[in-house]
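Mapped onto the UniProt record's numbering, the consecutive letters of the sequence shown carry residue numbers 1 to 317. Here the structure comes first, spelled out in structure tokens, and everything after it is commentary.
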Amino acid sequence: MSTRTAPAPVPRESARRGARRTKGIAGNTLWFWLFVGPFVVGLLIFSYLPIIWSLILSFFEAYNTVTPSKFVGFGNYVDMLTDHNFLSSLGTFTLFAIFIVPLTFVLSLALALLVNQVKIARAFFRSVFFLPTACSYVVASLIWRLSIFNGVRFGLMNTILGWFGIDGIAWLSTVDPPWYWIPIVTVRLWLQLGFYMILFIAGLQRISPSLYEAAYVDGAKPGWQTFRYITLPQLRATSVAVLILNLIAAYQAFDEFYNLIGNVNFARPPLVYLYGISLGSIQDLGHGSAGALILAVIIMLVTLLQNKIFGFGKAGD
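Put into structure tokens, the structure is as follows:
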């Protein structure tokens, strides 16, 4: 006759620990969603949902309404890709990027090298150069327009020119020569140099001093040689990040153009043109959505191309 052994009872203390562990996990999950939930909901409502709805609208006619009406397929995309004004706005961006990207890269790197060499009050200089980043593009553009480059006799730049006997310039309305590029580029430089300087300083502080010591032992001279063969290669990942962020920011240029010179044909970037289509007198949200998605695709392709060329994200970065 076989006998069956009853399973040993689970100790009460182990059961209590398991219950406490389960309760603790549930409590942590609740607190996680209490803190993160509002941000996730805001991201879904104000970012992802508009993107999805814009994608839908790009395949429909939508005049003066966000409700799709007549399905046109890829008609809106074809219209935008053959629209002279839209293509001209892309050309304006290209010219703007040619100015702003190299200037920002070189000047922010130079500032980072100078500030990083300072032994006394380094934090003060970092703060001084970073402070303009806290100013909004709208406020800075209005300062540039009303005080510095206002084109009248008593404007700051024309006052300086007057000291040298040079006549004043209508900075924001002169097309030939295109003086308007000077206020547009300088306001962007003033606003963003500090941010990219901080990125370069962080990269510089990651470089091991032993690399420079070994270079000096091998006969390298401080200055251009160490910068070319040690500093610049060690900053490759930071440099690519600065280039990508700067190029994307240039594609998204809106405030300085709109507040300095308005929606004019001779200097109108893509976002200003799309703003005029979508929220202007026509309010053509179908074509505006198609143009916005075309611009997003261009940004992604350029970013991927930069990653391919510079090898950003490889092991060792």
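We put the beta carbon where it would ideally sit given N, CA and C, even for glycine.
- The Cβ-Cβ distance between Tyr180 and Ile100 does not fall below 8 Å.
- The C-beta of Ala241 has 16 or more other C-beta atoms within 10 Å across all chains shown, which makes the residue buried.
- For Tyr63, the pairing in a beta bridge is given by DSSP as Asp284.
- Per DSSP, the continuous alpha helix (DSSP H) segment holding Pro102 begins and ends at 84-117.
- Asn265 is the residue among Thr303, Ile282, Asn265, Phe35 whose C-alpha sits nearest the C-alpha of Pro178.
- Here the C-alpha atom of Ile182 lies approximately 8 Å from the C-alpha atom of Trp171.
- Scanning the segment 116-185 from its first residue to its last, no whole beta strand (DSSP E) run of 3-plus residues comes out.
- Two segments are said to touch when three or more pairs of C-beta atoms, one from each, lie closer than 8 Å; by this definition the segment 212-224 does not touch the segment 238-255.
- In the DSSP annotation of this structure, the continuous segment of the alpha helix (DSSP H) that includes Pro209 starts and ends at 209-217.
- For Phe71, DSSP records a beta bridge to Phe60.
- Just measuring C-alpha positions, the residue of Pro270, Gly168, Leu189, Arg122 sitting nearest Ile201 is Arg122.
- Separation of Thr94 and His84 (C-alpha to C-alpha, rounded to the nearest whole angstrom) is 15 Å.
- Between the alpha carbons of Gly37 and Ile282 lies a distance of about 38 Å.
- Under the three-state reduction of DSSP output, Lys221 falls in the coil class, being neither helix nor strand.
- Annotated as proximal: Ala97 and Ala250, with beta-carbon spacing under 8 Å.
- Between Ile169 and Phe257, the gap from beta carbon to beta carbon reaches 8 Å or more.
- Non-local beta-carbon contacts of Asn158 in its own chain, meaning distances under 6 Å to residues more than five positions away in sequence, involve Gly168 in chain order.
- Taking a 10 Å sphere around the C-beta of Gly73, we find fewer than 16 other C-beta atoms and assign the residue as exposed.
- Burial of Trp144 is indicated by the presence of at least 16 other C-beta atoms within 10 angstroms of its C-beta.
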